[in-house]
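See structure below.
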Ligand code: HEM
């Protein structure tokens with residue numbers, strides 16, 4: 423198999439850089455920044471790091487069960503597709519700022535998209551034929 427997206431994007435160093443930029447955009451975005459109030463910063467940094475490693479297809483990828491549990495309380499409070507889409511938009515902005523090539527951004531988005539039903543605690547989509 424060819425290099426993983428994680429390696430192609432620059433591995434751990436790229437994750438760190440992308441986290442900083444992505445998080446800055448998220449906190450500026452009034453559609454979603456309220457979700458990140460009242461969260462302790464240490465937990466938040468670990469979360470962002472886990473998010474980005476997962477988005478890059480890197481090691482320690484999170485399982486659906488983790489993502490379901492991690493967001494269950496938020497879904498009860500109204501987390502929905504609009505928020506998920508906004509997170510994706512901010513991710514694209516961050517990756518563009520890092521001059522990541524379009525085909526790799528698309529791979530990242532495809533990977534993140536596979537988590538939608540878990541993050542939003544919905545039944546999995548039916549398998550496509
Ligand atoms: C797009 C796909 C997403 C992925 C892959 C993802 C990933 C993660 C991960 C790995 C955690 C840590 C879970 C844990 O350690 O228990 C987490 C927690 C969290 N996520 Fe997400 N997330 C996604 C979408 C979202 C969205 C759309 C929002 C809100 C706009 C969001 C807000 C949060 C918050 C606030 C926490 C911390 C919850 C807490 O500490 O109580 N996430 N996410």
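In my numbering, the protein residues as written are 423 to 551.
Idealized CB from N, CA, C, for every residue including glycine.
Using a 10 angstroms sphere on the CB of residue 470, the tally of other CB atoms reaches 16 or more, which defines it as buried.
For residue 463, the shortest separation between its Cβ and any heavy atom of ligand 1 does not lie below 8 Å. The three-state secondary structure of residue 456, taken from DSSP, is helix.
Around the beta carbon of residue 444, 16 or more other beta carbons sit within 10 angstroms, so the residue counts as buried. As for any alpha helix (DSSP H) of minimum length 4 sitting wholly inside the region 432-502, the runs are 433-450, 463-477, 486-498, ordered along the chain. Within the chosen limit of 8 Å, ligand 1 does not reach the beta carbon of residue 515 with any heavy atom. Nearest C-alpha to residue 441 among 473, 546, 429: 473.
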